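Scroll down for the structure; my scribbles are underneath it.
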Amino acid sequence: MKLLILFPAILILAQAQNQPDTKQRARAARELAKEGENGVAKLMPYVADMDLSVRLEAVKALDEIGGPKTVDALVRATRDNDPEMQIRATDGLVNAYLPGYIKSGISGTLQRAGNSVKAKFTDTNDQVIDAFVEVRPDVIAALGRLASGGASLESRANACRALGILRGRAAIDQLVEAMHSKDDQVMYEALIAVQKIRDPAAGPKIVFLLRDLNARIQTTAIETAGLLRTKEAASDIRGVFQNSHDAKVRRSAISSLGMIADPADHALFLQNLSNNDETFRAASAEGLGRLKNAADQTAMEKAFMDERKMNPRLSMAFATVALGNKDMGEFGPLRYLVNTLNNKNYKGVAVALLIELARDQNIRQAIYPVLAGGTKDEKIQLGVVLARSGDQDSVPYLQKLSMDPDPEVAQESIRNLRALRARLP
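Residue 0 is where the sequence shown starts when you use numbering that gives the first Met the number 0, and the numbers rise one by one after that.
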């Protein structure tokens, strides 16, 4: 009986005695951030501390230190059952490969109430590591586990976002599993990650979302199927285009069909090449360009010359070049695409179209002469094009650009040359 009476008092006394130790350990973990990389090994025990407050201070310190040496400890932190630990560890891992990410990651928006953790996801999600950056397999495996089974929906969505930024191809199955979560944010982040990874094998696995009741998820799934050129999705997307009453969904659908370029849609593209909606015209032009039916050349050249809106005219220039017109004269379609690299509002569109065109060596040969006398923006953006679509014949041109008198051109060209060489066998 005396033991039963004494037990609560002993427990309270033990807790009281332990409290200063907990605060001291938390403070010690916090202070280790000041040691930089030298403090990483010392932080490892704190990542596994029995008290959550200490573990949180440890992962915050690791995030603050940053760099490759923090990866082992952060991978271990992803196995923690607390959602905040998982989110902070995830952002830290991305930061190790994309320095500065920690400032824009969602860990800076965390709000905690007891065991509940809320985070704010921004709509801006366009970051991705350079192609030459190699991510350790255990990092992708750790993030894959969180994407499909994190402690909270926020930690799962954040892991999906991280996998996209790190091009985590090995975690495609976990991303697809995340798409079955029924949570809109998790599903959306998983779809965007698959877009960034660009593995065509993932396309058929997302077809089930093409008719999702949430318009945001549906349009993102449609866009993803298009980017991955998922021919298995063409029939379903065609049905959505024909039957949907949502204008945005229909635009996404025809844009996706234009990327997939199924021969069954040839008549659809011709019909919509003169549609009042500029998105329809642009998508139809791209679809015809990708189908490469020589009989469409005359109609496409006329459409390119007559078009007045920038977006569809770029698509028509792309199609005209794809169908065989490589004219680099003042009014030529290829020259028009290159000139647009100087337009801050549309250069992203032009770069994407040129990346696809430049997979053809004959088109690359038409572009190379521009580099010597190109503007700063043309040199930088064409360097990006060659990094993504060039071959051995592109190496000397990027090498020359890497010695350009403009330091920004030279620096970007060195990165592009590294990216190209990482792709080449």
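Think of the CB as a built atom: it goes at the ideal place given N, C-alpha and C, for glycine as much as any other residue. Keep in mind the model is a prediction, meaning the values are calculated, not measured.
**Message:** Suppose contacts are defined by Cβ-Cβ distances below 8 Å. Is Gly91 in contact with Thr69 by that definition?
**Reply:** Annotated as proximal: Gly91 and Thr69, with beta-carbon spacing under 8 Å.
**Message:** Rounding to the nearest angstrom, what Cα-Cα distance links Asn292 and Leu109 in this structure?
**Reply:** Straight through space, the alpha carbons of Leu109 and Asn292 are spaced by roughly 53 Å.
**Prompt:** Looking at C-alpha atoms only, which residue of Ala232, Gly149 and Glu329 is the closest neighbour of Pro203?
**Reply:** Ala232 is the residue among Ala232, Gly149 and Glu329 whose C-alpha sits nearest the C-alpha of Pro203.
**Asked** Nearest to Glu63 by CA position, among Gln296, Gly38 and Leu227, is which residue?
**Response** Of the residues Gln296, Gly38 and Leu227, the one whose Cα lies closest to the Cα of Glu63 is Gly38.
**Request:** Determine the extent of the alpha helix (DSSP H) in which Gln110 is found, giving its start and end residues.
**Result:** Element bounds for Gln110: not the alpha helix (DSSP H) but the beta strand (DSSP E), Gln110 to Ala112.
**Request:** Grab the span of the beta strand (DSSP E) containing Val116 for me, first residue to last.
**Result:** Val116 -> beta strand (DSSP E) spans Ser115 to Lys117.
**Residue environment, Ser52, which counts as buried when at least 16 other CB atoms sit within 10 Å** = The Cβ neighbour count for Ser52, taken over all protein chains shown within 10 Å, is under 16; the residue is labelled exposed.
**Message:** If you reduce the DSSP assignment to three classes, tell me which class Ile128 lands in.
**Reply:** Coil.
**Request:** In angstroms with no decimal places, state the Cα-to-Cα distance between Asn17 and Ile413.
**Result:** Any reading at Asn17 must be qualified, since the residue scores a pLDDT of 48, below 50, and its modelled position is unreliable; the value itself is stated next. Each residue's alpha carbon lies about 55 Å from the other.
**Prompt:** For the putative contact between Ala357 and Val383, defined by C-beta atoms under 8 Å, what is the C-beta separation to the nearest angstrom?
**Reply:** Going by Cβ atoms, the distance from Ala357 to Val383 rounds to 10 Å, so no, they are not a contact pair.
**Prompt:** Is Leu381 near Ile366, with beta carbons less than 8 Å apart?
**Reply:** In this structure, Ile366 lies closer than 8 Å to Leu381 by Cβ.
**Asked** Where does Asn213 sit, in a helix, a strand or coil, going by DSSP?
**Response** Asn213 falls in the coil class under three-state DSSP.
**Asked** By a C-beta neighbour count over all protein chains shown, 10 Å radius and 16 as the cutoff for buried, is Glu407 buried or exposed?
**Response** Burial call: exposed.
**Item:** Cα-Cα separation, Arg29 to Gln23
**Value:** Taking the straight line joining both Cα atoms gives about 10 Å.
**Request:** Alpha carbon to alpha carbon, how far is Gln85 from Ser283? Give it in angstroms, no decimals.
**Result:** Using only the alpha carbons, I get a separation of about 44 Å.
**Message:** With H, G and I counted as helix, E and B as strand and the rest as coil, what does DSSP make of Met43?
**Reply:** Met43 carries a helical assignment under DSSP once its states are collapsed to helix, strand and coil.
**Message:** Assuming Leu73 is part of the alpha helix (DSSP H), what are its boundary residues?
**Reply:** Taken as a continuous stretch (DSSP letters only), the alpha helix (DSSP H) holding Leu73 covers Val70 to Thr77.
**Message:** Tell me which residue opens and which closes the alpha helix (DSSP H) that Lys508 is part of.
**Reply:** Outside the displayed span of the chain (0 to 424) sits residue 508, for which this structure offers no information.
**Prompt:** From what residue to what residue does the alpha helix (DSSP H) around Phe303 run?
**Reply:** Phe303 -> alpha helix (DSSP H) spans Gln296 to Asp305.
**Asked** Which same chain residues, not among the five before or five after Ala150, have their C-beta less than 7 Å away from its C-beta?
**Response** Excluding positions up to five away in sequence, the list reads Asn80, Asp81, Pro82 and Gln85.
**Request:** Pick out the complete beta strand (DSSP E) segments inside the stretch 131–168, 3 residues or longer, and give them in chain order.
**Result:** Complete beta strand (DSSP E) runs here, min 3: none at all.
**Message:** Tell me the rounded alpha-carbon separation between Leu152 and Pro404.
**Reply:** Linking Leu152 to Pro404 through their CA atoms gives a straight-line distance of about 50 Å.
**Prompt:** Does any CB atom of chain D fall closer than 8 Å to the CB of Ile196?
**Reply:** In summary, chain D is missing from the structure at hand, where a single protein chain is found.
**Message:** So, for Pro262: in the same chain, excluding its five sequence neighbours on each side, which residues have a beta-carbon less than 7 Å away from its beta-carbon?
**Reply:** Cβ neighbours of Pro262 beyond the five flanking positions: Leu290.
**Request:** Mark Gln364 as exposed unless 16 or more other C-beta atoms lie within 10 angstroms of its C-beta, in which case mark it buried.
**Result:** Note on Gln364: under 16 other CB atoms within 10 angstroms of its CB, so exposed under the neighbour-count rule.
**Message:** Rounding to the nearest angstrom, what Cα-Cα distance links Ser254 and Ala298 in this structure?
**Reply:** For Ser254 and Ala298, the distance between alpha carbons rounds to 20 Å.
**Prompt:** DSSP on Phe207, reduced to helix/strand/coil?
**Reply:** Judged by DSSP in its simplified three-state form, Phe207 adopts helix.
**Burial state of Ser273, where buried means 16 or more other Cβ atoms lie within 10 Å** = With fewer than 16 other Cβ atoms within 10 Å, it is exposed.
**Request:** Classify Asp264 as helix, strand or coil using the three-state DSSP reduction.
**Result:** In the three-state reduction of the DSSP assignment, Asp264 falls in the helix class, which pools H, G and I.
**Asked** If you run the structure through DSSP and keep just helix, strand and coil, what is Met84?
**Response** Three-state DSSP puts Met84 in a helix.
**Request:** Classify Ala357 as helix, strand or coil using the three-state DSSP reduction.
**Result:** Residue state, collapsed to three classes: coil.
**Asked** With a CB to CB cut of under 6 Å and the five nearest residues on each side skipped, what residues in its chain are close to Ala409?
**Response** Excluding residues within five positions, the ones whose Cβ falls inside 6 Å are Ser401 and Asp403.
**Asked** Between the C-alpha atoms of Leu2 and Leu97, what's the straight-line distance to the nearest angstrom?
**Response** Any reading at Leu2 needs caution, since the residue's pLDDT is 42, under 50, leaving its predicted position unreliable; the model's value is listed next. Their Cα atoms are separated by approximately 57 Å.
**Asked** Is the Cβ-Cβ distance between Ala169 and Pro136 less than 8 Å?
**Response** Yes, Cβ-Cβ distance for Ala169 and Pro136 is below 8 Å.
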